[in-house]
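Notes follow the structure.
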Amino acid sequence: MTHEVFNQVPPLAGYDVADDAALLAGLDREGAGWAAAEVHELGRLAGTAEAQEWGRLANEHPPVLRTHDRYGHRIDEVEFHPAWHDLLRTAVAHGLHAAPWADGRPGAHVARAAKFYVWRVDAGHGCPISMTYAAVPALRHAPELAAHYEPLLTRTGYDPGLRAPLTKTALLAGMSMTEKQGGSDVRANTTRAEPGSDGSYRLTGHKWFTSAPMCDVFLTLAQAPGGLTCFLVPRVLPDGSRNPLRLMRLKDKLGNRSNASAELEYEGAVAWRVGAEGRGVRTIIEMVNMTRLDCVIGAAAGMRQGVTTAAHHAAHRSAFGAYLADQPLMRNVLADLAVESEAATLLMTRLAGAADRSVRGDAAETAFKRLALAVGKYWVCKRWPAHAAEALECLGGNGYVEESGMPRLFRESPLNGIWEGSGNVSALDVLRAMLKEPESVEVVLAELDAAAGADHRLDAAVAGVRAELADPADAELRARRVVERLALALQGSLLVRYGHPAVADAFCASRLAGDGGLAFGTLPPGTDLAAILAQVTPKLGG
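Residue numbers (the working numbering): 7 to 548.
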């Protein structure tokens, strides 16, 4: 016998993804403790081999565009592997889409954030889920449209297929905003919207990224006579005919392969106005904020997935006479990844709580969300690619092989930093918030001060943030520097108050006091590595 398989790591399956102390404590703290059982139910499903197989299949069999049928008729349809539908059906059934908008319980949006976080078997199908969630507040700018469409968007049913939207049992919504000449600068859009006598408009133009083109309806931007305006565009018209939305091609993307992203042409497509003419950006801004929240949730979830996978591997793989998890340098790396993950999770749950209370009319939380969400979007999404690369490296060559799942995680990691505004857009948005809504600065500083006196390193970092904010020189040039320091101080404040003590101490030492290096695995001597690693090593059979 020449080939014997040994010293291999068992599959990471049969565990509860929601077995996450930072997440569960945040769920309770932010007013959604009532959803813990639901979060565990979905977490156990996410930890099954079957759900993980859905994610693998959906990515290995990406969507296919069918522009015409066999007879030459234009159909503009996208075919998906059955696993894609299994993923979406599960997500919708558990209310990860727009369901919280129909749930009057305090904490409903926090509960949804926690479930979005644990259901991380595939990032691609989260795109239509996220957009459907974000579409509702924008659609409410047109009450007559919202009255018809919102009940179908919030319903926990999955009804794929092309039919007139109001004849279906449930709907998904997409976004079609950017154009090739403008990108994030949507005011440069050239798509025209011509009003009709019946109150509808006809759209003519292109869209460079139409996310999830199989959705039932889309929110889009076009230049109406009164300026840039938001519109609702259905795939199928009320009489059952196809709206002329021509899918030109699907993007060949780095990651997010299970999800279709299309280039689209409007050829006189029928649309209904959402909000006033010329107020398109103002109309969609809440939609943008909600999708930015999901970018933070997704990045935090990806970090947790990465460190959990790495810790599981290290606990079962031996090298040089000992398990990797027992070797000091690997323990430092894993603990450092765990610190970054918990910091992201605490910030994510705090932002979800602010979003929930903002929806319910809390002015202070609305101001906090305005600034802190842009800060979190910049920093957490910026940290994920480096975190994913280090987690992959913990598996060595095995991590570089597709079957490990780590290459897919790594390919996903840059997306959240790009979607809904790249790093510079987010950083500049922070500056705009500070100038236009100075009350947002005060509530964020109050959040930092809530931990005053608890850790001298945090106190020094907060003092540094105040000095940065007080300096008006070269504000745009320093935007990333200011946002980074603000993000670290905010994470530090949350960790000192609510995090595991060993994690908080390691964070303050390495991220705030500079007692650590630029790479992961440089935590200082004396760090309680065992306590930190206990937070992220999964328990199989749970």
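Using N, Cα and C, we set each Cβ at its ideal position, and we do this for glycine too.
Residue 312 is a Cβ neighbour of residue 347, given a cutoff of 9 Å. Under DSSP, residue 212 takes part in a beta bridge, and its partners are 271. With fewer than 16 other Cβ atoms inside 10 Å of its own Cβ, residue 150 counts as exposed. For residue 354, the enclosing alpha helix (DSSP H) covers residues 334 to 365.
Relative to residue 251, the option among 197, 354, 338, 260 whose CA is nearest is 197.
Contact check for residue 297 against residue 516 fails: the beta carbons are separated by 9 Å or more.
Counting every other CB atom within 10 Å of its CB across the protein chains shown gives residue 77 a total below 16, marking it as exposed.
When the beta-carbon positions are compared, residue 359 and residue 85 stay at least 9 Å from each other. For the pair residue 18 and residue 93, the Cα-to-Cα distance works out to about 19 Å. Counting along the chain, residue 74 sits inside the beta strand (DSSP E) bounded by residues 70 to 74. The DSSP-derived three-state label of residue 463 is helix. Residue 231 and residue 393 have their C-alpha atoms roughly 47 Å apart.
When secondary structure is reduced to three states using DSSP, residue 217 falls in the strand class.
DSSP, reduced to helix, strand and coil, places residue 236 within a strand of the structure shown.
Judged by DSSP in its simplified three-state form, residue 229 adopts strand. A distance below 6 Å between beta-carbons, with the five flanking residues on each side excluded, links residue 75 to the following residues of its chain, in chain order: 81. Excluding its 5 nearest sequence neighbours in each direction, residue 294 has C-beta neighbours in its own chain below 8 Å: 140, 426, 427, listed in chain order.
Here residue 340 is not near residue 280, since their CB atoms are 9 Å or more apart.
DSSP places residue 92 inside the alpha helix (DSSP H), whose first and last residues are 88 to 99. Ranked by how close their Cα comes to the Cα of residue 108, the residues 539, 430, 160 have 160 in first place. Spatial neighbours of residue 500 in its own chain (CB-CB distance under 7 Å, excluding positions within 5 residues in sequence) are listed in chain order as 352, 353, 356.
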